[in-house]
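Structure first, then comments.
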Amino acid sequence: MFHPNLSTKITVSRKIASILDAKSKETLKNHYCLFANFLVKAPESKHFVGIHQDWTYIDESSQASYNIWGALCATTIENGGLYIFPKSHKF
Numbered sequence: 000m001f002h003p004n005l006s007t008k009i010t011v012s013r014k015i016a017s018i019l020d021a022k023s024k025e026t027l028k029n030h031y032c033l034f035a036n037f038l039v040k041a042p043e044s045k046h047f048v049g050i051h052q053d054w055t056y057i058d059e060s061s062q063a064s065y066n067i068w069g070a071l072c073a074t075t076i077e078n079g080g081l082y083i084f085p086k087s088h089k090f
């Protein structure tokens, strides 16, 4: 996500998107992947991402957007689990 080389970021985004697109076509109709990325936290990292809202790139009055979040290892509250506030999609 924060790699300094734009060409590398585009290559990675396209590869991840191709994998996710193939699977998401089973569930989602008339969609496309705008971008894809990943973050890596070093082992034993103390880095913490606080409460935040992901950007929306569409007109939400007529379209829907989705974020697909997947962990690359088992996650817990101690090592970086994901929490979504109930009904926060309605804020």
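Mind the numbering: the sequence shown is residues 0 to 90 in numbering that gives the first Met the number 0, read in order. Note that the Cβ used here is the ideal one computed from N, Cα and C, for glycine as well.
Are Asp53 and Asn66 closer than 8 angstroms when you measure CB to CB?
-> yes
Please determine, among Ala63, Ala41, Phe47, the residue with the shortest C-alpha to C-alpha distance to Tyr31.
-> Ala63
The region 31–44 contacting the region 3–14, beta-carbon criterion three pairs below 8 angstroms = yes
Please work out which residues of its chain come closer than 8 angstroms, Cβ to Cβ, to Leu5, disregarding the five sequence neighbours upstream and downstream, and give them in chain order.
-> none
Pick helix, strand or coil for Lys40, following the three-state DSSP scheme.
-> coil
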